[in-house]
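Enquirer:
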Amino acid sequence: MRDAFSNALVAAARRDPKVLLLTGDHGYALFDAFRKACPDQYLNCGIAEQNMVGVAAGLAKAGFHPIVYGLAAFVPIRVLEQIKIDVCYEDLPVTFIGDGAGVVYAQLGTSHQSTEDIAALRAIPQVSIYSPCDRFELTACVEHIVSERRPAYLRMGKADLGDVHGGALTNWTGGDLIPITNTGASYLFVGTGSGVKLAQQAATAIGNADVVSVPCLKPFPALSLHKLAAGREAIVTFEEHSIYGGLGGVVAETLMGKFVGTFVRVGIKDQFSTLCGNYPFLMESHGLAPHIVEDQIRKALDASAQYQ
Amino acid sequence: MKKFDAVQLRKTILDMAFAGSTVHIGCAFSIVELMAVLYRNHLRFDENDPHSAWRDYMVLSKGHGVMAQYACLHQIGWLRDDDIVHYFRNGTKLKGLADAHVPGVEVTAGSLGHGLSVGVGLALAAKMNKTDQMCYALVGDGELNEGPIWEAVLFAAQFKLDNLVVIIDVNGFQAMGPTDEVIGLGDIQAKFNAFDFDAVTIDGHDESAIDWAYQELKNRKDGRPKALIAKTIKGKGVSFMEHENIWHYTRLNSQTYEAAAAELGGQA
Numbered sequence: 003m004r005d006a007f008s009n010a011l012v013a014a015a016r017r018d019p020k021v022l023l024l025t026g027d028h029g030y031a032l033f034d035a036f037r038k039a040c041p042d043q044y045l046n047c048g049i050a051e052q053n054m055v056g057v058a059a060g061l062a063k064a065g066f067h068p069i070v071y072g073l074a075a076f077v078p079i080r081v082l083e084q085i086k087i088d089v090c091y092e093d094l095p096v097t098f099i100g101d102g103a104g105v106v107y108a109q110l111g112t113s114h115q116s117t118e119d120i121a122a123l124r125a126i127p128q129v130s131i132y133s134p135c136d137r138f139e140l141t142a143c144v145e146h147i148v149s150e151r152r153p154a155y156l157r158m159g160k161a162d163l164g165d166v167h168g169g170a171l172t173n174w175t176g177g178d179l180i181p182i183t184n185t186g187a188s189y190l191f192v193g194t195g196s197g198v199k200l201a202q203q204a205a206t207a208i209g210n211a212d213v214v215s216v217p218c219l220k221p222f223p224a225l226s227l228h229k230l231a232a233g234r235e236a237i238v239t240f241e242e243h244s245i246y247g248g249l250g251g252v253v254a255e256t257l258m259g260k261f262v263g264t265f266v267r268v269g270i271k272d273q274f275s276t277l278c279g280n281y282p283f284l285m286e287s288h289g290l291a292p293h294i295v296e297d298q299i300r301k302a303l304d305a306s307a308q309y310q
Numbered sequence: 351m352k353k354f355d356a357v358q359l360r361k362t363i364l365d366m367a368f369a370g371s372t373v374h375i376g377c378a379f380s381i382v383e384l385m386a387v388l389y390r391n392h393l394r395f396d397e398n399d400p401h402s403a404w405r406d407y408m409v410l411s412k413g414h415g416v417m418a419q420y421a422c423l424h425q426i427g428w429l430r431d432d433d434i435v436h437y438f439r440n441g442t443k444l445k446g447l448a449d450a451h452v453p454g455v456e457v458t459a460g461s462l463g464h465g466l467s468v469g470v471g472l473a474l475a476a477k478m479n480k481t482d483q484m485c486y487a488l489v490g491d492g493e494l495n496e497g498p499i500w501e502a503v504l505f506a507a508q509f510k511l512d513n514l515v516v517i518i519d520v521n522g523f524q525a526m527g528p529t530d531e532v533i534g535l536g537d538i539q540a541k542f543n544a545f546d547f548d549a550v551t552i553d554g555h556d557e558s559a560i561d562w563a564y565q566e567l568k569n570r571k572d573g574r575p576k577a578l579i580a581k582t583i584k585g586k587g588v589s590f591m592e593h594e595n596i597w598h599y600t601r602l603n604s605q606t607y608e609a610a611a612a613e614l615g616g617q618a
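Sequence lines, in order, name chains A and B. Read in order, the letters of the first sequence are residues 3 to 310 in our numbering. Read in order, the letters of the second sequence are residues 351 to 618 in our numbering.
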């Protein structure tokens with residue numbers, strides 16, 4: 003996925019000399035290819051994310067398309083006000099890349115984890131939010147964002163989970179849902195980012211479930227979800243993000259009053275990580291290990307069945 | 351009538367503040383001469399197009415002083431008389447802080463510490479585009495409390511933005527009192543010199559000194575960004591407002607409006 007990211011950036015910069023890559027002193031090896039291919043389009047802005055976003059806004063006002071890279075804990079969280087005022091209010095073509103979203107930086111602790119970025123940005127007008135699940139979605143998202151030339155946030159989470167899709171998404175209409183399976187199963191499992199893999203694992207374990215990926219959370223493809231949700235008994239959302247304001251939130255808001263059935267949000271509960279541990283440990287501590295997720299879903303389905 | 355006449359600009363500010371029953375009069379009055387000389391003799395712009403690609407950039411980072419910029423834009427003709435007399439009416443476009451949706455206003459400011467970074471980006475863009483465009487970014491002394499200001503200053507020096515002039519309005523006050531009593535700034539010129547800026551200090555109400563400083567700083571193409579430290583008086587021009595920080599918050603009534611207008615005199 004990281005190679006795909008590097009390749010997509012290089013391709014975008016080669017196509018358009020106004021595309022610039024700004025980093026807050028992060029991404030050492032990640033940008034080797036970019037620095038070699040487009041050295042004049044690469045700016046290390048130092049460990050000063052607030053200034054970096056303001057500078058990006060100034061560059062955008064003068065005709066450039068800055069791509070601002072940082073860890074998701076800093077871009078967008080540390081610079082939320084700069085994104086709101088300097089970029090979104092003027093609808094400037096600045097792309098924000100939040101890397102390591104979720105609990106990817108497990109052992110480094112809370113300062114480097116980001117489980118609130120989608121929620122924070124969703125309430126800001128003008129900005130689109132993308133959360134690809136594999137290298138194919140990532141490539142398609144970057145191409146779409148660059149062509150849109152509007153404020154956008156690309157959330158990059160756990161990058162080494164392997165492919166979800168079988169190949170390039172040549173027919174993807176930017177922003178739409180991507181059904182992975184659509185067999186008319188009783189349950190619809192809706193995932194974004196690393197949550198898609200989790201949804202696939204749960205679907206295999208529980209059965210009778212279709213899986214759909216959500217690469218774009220805003221603008222949210224409400225009509226597509228309504229069509230996919232019609233007739234299902236249960237809908238479950240999966241995300242490596244707080245259950246407040248992320249995928250679970252937007253799906254609930256979209257289906258409220260239209261969908262009558264069991265609804266389960268699988269995601270980060272309202273708590274910080276306090277103990278040190280690797281990525282699987284952190285996921286398990288947040289209730290996102292596959293066996294805990296399956297147990298959560300089965301209990302919800304069983305409870306619903308008792309009331310019928 | 352002299353273009354961008356300081357007395358006339360202050361009268362426009364006074365009229366706006368009275369019409370809209372607004373605050374922030376003192377911090378607009380302190381930057382009148384700085385704005386007037388800039389617009390009159392140095393800032394390059396197309397009177398028919400506020401967005402012309404070749405324009406110099408006037409970034410009002412201390413967005414609270416925006417009425418001083420509105421008065422200048424009114425003189426150019428980008429704002430109409432209606433905009434002045436209907437200030438703060440529902441449905442109008444001029445707000446109480448700088449807003450980039452207004453023609454001629456480059457940044458949305460007032461949340462302090464934002465505008466300078468955007469100005470640095472504009473100056474960098476001019477360098478990358480190999481144009482001779484200048485960027486003038488006006489910050490308040492109180493605004494120097496904000497961390498991003500110093501991020502921007504470090505960046506500007508690193509990227510050798512000698513087309514950037516940071517104008518510091520040193521009126522000695524911030525919202526809750528004298529800057530020395532809130533967060534003391536010490537020797538501002540020494541601080542900017544220490545950050546590898548080419549800095550000069552002048553009387554911010556002496557138009558000749560301001561004119562000299564703008565020209566001098568623009569001519570010094572030595573790779574160093576510029577700082578124009580302007581010693582000013584908050585509320586300058588009206589005796590009962592000068593050095594009285596209450597005019598950051600106080601609205602005019604008929605008596606104070608008439609008294610201030612009488613002191614300003616000049617042409618109506």
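Glycine included, each C-beta is placed from N, C-alpha and C at the ideal position. Keep in mind that this is a model prediction, so the values were computed, not measured.
Using DSSP's beta-bridge definition, name the partner residues of B:Cys485.
Expert: In the DSSP output, where bridge partners are listed per residue, B:Cys485 has B:Tyr407, B:Leu514.
Enquirer: Considering only residues of the stretch 243-294 of chain A, which uninterrupted beta strand (DSSP E) runs meet the minimum length of 3 residues and lie entirely inside it, listed in chain order?
Expert: DSSP runs (the beta strand (DSSP E)) wholly in the stretch 243-294 of chain A: 264-270.
Enquirer: The stretch 499-532 of chain B: which residues have C-beta closer than 8 Å to a C-beta of chain A, in chain order?
Expert: Listed in sequence order: Glu501, Ala502, Leu504, Phe505, Gln508.
Enquirer: Out of A:Gly56, A:Cys40, A:Val70, which has the shortest C-alpha to C-alpha gap to A:Met158?
Expert: If we check each option's Cα against that of A:Met158, A:Val70 comes out closest.
Enquirer: Could you check how far apart the C-beta atoms of A:Gly60 and A:Lys20 are, in whole angstroms? I think they sit under 8 Å.
Expert: That belief does not hold up - the Cβ atoms of A:Gly60 and A:Lys20 are roughly 14 Å apart, past 8 Å.
Enquirer: Tell me which residues share the same chain as B:Val373 and place their Cβ nearer than 7 Å to its Cβ, disregarding the 5 neighbours each side in the sequence.
Expert: The answer, listed in chain order, is His598, Tyr599, Thr600, Arg601.
Enquirer: Roughly how many whole angstroms lie between the Cα atoms of B:Leu511 and B:Val550?
Expert: The alpha-carbon atoms of B:Leu511 and B:Val550 are separated by roughly 16 Å.
Enquirer: Are there 16 or more other CB atoms within 10 angstroms of the CB of B:Gly427, so buried, or fewer, so exposed?
Expert: When all chains shown are included, B:Gly427 counts as exposed.
Enquirer: For A:Glu83, which residues in chain B fall below 7 Å Cβ to Cβ?
Expert: Those within 7 Å of A:Glu83 in chain B are Ser461.
Enquirer: Run through the DSSP bridge pairs and tell me what A:Pro68 is partnered with.
Expert: A:Pro68 pairs with A:Leu22.
Enquirer: Taking 8 Å as the threshold (beta carbon to beta carbon), is B:Thr442 in contact with chain A?
Expert: So, not an interface residue.
Enquirer: With a threshold of 16 other CB atoms inside 10 Å of the CB of B:Val435, please say whether the residue is buried or exposed.
Expert: Counting Cβ neighbours within 10 Å, B:Val435 comes out exposed, since fewer than 16 surround it.
Enquirer: What residue range is occupied by the uninterrupted beta strand (DSSP E) comprising A:Ile99?
Expert: Here the beta strand (DSSP E) through A:Ile99 covers 97-101.
Enquirer: So which residues of chain A does B:Gly471 contact, with C-beta pairs closer than 7 Å?
Expert: The answer, in chain order, is Gly56, Val57, Ala58, Ala59, Gly60, Leu61.
Enquirer: Let me confirm a value: B:Ala540 is counted as buried when at least 16 other C-beta atoms fall within 10 Å, else exposed. Which label applies?
Expert: So B:Ala540 counts as exposed.
Enquirer: Can you tell me whether B:Arg601 is helix, strand or coil according to DSSP?
Expert: Coil, per DSSP.
Enquirer: Using a 10 Å radius around the Cβ and a threshold of 16 neighbouring Cβ atoms, would you call B:Gln605 buried or exposed?
Expert: The residue is exposed, with fewer than 16 neighbouring Cβ atoms inside 10 Å.
Enquirer: Name, going along the chain, the residues of the stretch 472-484 of chain B whose beta-carbon falls closer than 8 Å to a beta-carbon of chain A.
Expert: Per Cβ criterion, the list reads Leu472, Ala473, Leu474, Ala475, Ala476, Met478, Asn479.
Enquirer: Quick one: which chain B residues come within Cβ less than 8 Å of A:Gln52?
Expert: Per Cβ cutoff of 8 Å: Gly463, Ser467, Gly497, Pro498, Glu501.
Enquirer: Is there at least one Cβ from chain A nearer than 8 Å to B:Ala544's Cβ?
Expert: It does not: the Cβ of B:Ala544 has no partner Cβ on chain A nearer than 8 Å.
Enquirer: Between which residues of its own chain and B:Ala507 is the CB-CB distance below 8 Å, once the five residues before and five after are set aside?
Expert: The residues are Phe545, Asp546, Phe547, Arg574, Pro575.
Enquirer: Among the candidates B:Leu494, B:Ala473, B:Ala356, B:Ala612, whose CA atom is the shortest distance from the CA of B:Phe523?
Expert: For B:Phe523, the nearest C-alpha among the options comes from B:Leu494.
Enquirer: For B:Asn391, which option in B:Cys422, B:Phe368, B:Ala610 has the closest C-alpha, if you only look at C-alpha atoms?
Expert: Of B:Cys422, B:Phe368, B:Ala610, the residue nearest in Cα terms is B:Cys422.
Enquirer: If you compare alpha carbons, which of B:Met484, B:Tyr564, B:Trp404, B:Arg430 is closest to B:Glu383?
Expert: Closest by alpha carbon: B:Tyr564.
Enquirer: The beta strand (DSSP E) spanning B:Lys480 covers which residue range?
Expert: B:Lys480 -> no beta strand (DSSP E), and no H or E assigned at all.
Enquirer: For B:Lys584, does the three-state DSSP call read helix, strand or coil?
Expert: Here B:Lys584 sits in coil by DSSP.
Enquirer: So what's A:Thr141 in DSSP terms, helix, strand or just coil?
Expert: Three-state DSSP puts A:Thr141 in a helix.
Enquirer: Any beta carbon of chain B sitting closer than 8 Å to that of A:Ala64?
Expert: Answer yes: the Cβ-Cβ gap between A:Ala64 and chain B drops below 8 Å somewhere.
Enquirer: Under the three-state reduction of DSSP, which class applies to B:Gln617: helix, strand or coil?
Expert: Its pLDDT being 47, under 50, B:Gln617 is placed unreliably in this model, and the value from its coordinates should be taken loosely. Of the three classes helix, strand and coil, the one that applies to B:Gln617 here is coil, per DSSP.
Enquirer: What do you get for A:Ile49, buried or exposed, if any count of 16 or more other CB atoms within 10 angstroms of its CB means buried?
Expert: The residue is exposed, with fewer than 16 neighbouring Cβ atoms inside 10 Å.
Enquirer: Can a CB atom of chain A be found closer than 8 Å to the CB of B:Ala610?
Expert: It does not; no Cβ of chain A falls within 8 Å.
Enquirer: Can you pull the chain A residues whose beta carbon is under 8 Å from the beta carbon of B:Ala450, in chain order?
Expert: Per Cβ cutoff of 8 Å: Tyr91, Glu92.
Enquirer: Of all Cβ atoms in chain A, is any one closer than 8 Å to the Cβ of B:Thr582?
Expert: Not one chain A Cβ lies under 8 Å of B:Thr582.
Enquirer: Looking at C-beta atoms only, is the number of pairs between the stretch 245-254 of chain A and the stretch 114-127 of chain A that lie closer than 8 Å three or more?
Expert: Output reads yes: the stretch 114-127 of chain A touches the stretch 245-254 of chain A.
Enquirer: DSSP state of B:Ser402, grouped into three classes?
Expert: Correct three-state label for B:Ser402: coil.
Enquirer: Thinking C-beta only, is B:Ser380 closer than 8 Å to B:Ile552?
Expert: No, the pair does not count as a contact, with Cβ atoms beyond the cut-off.
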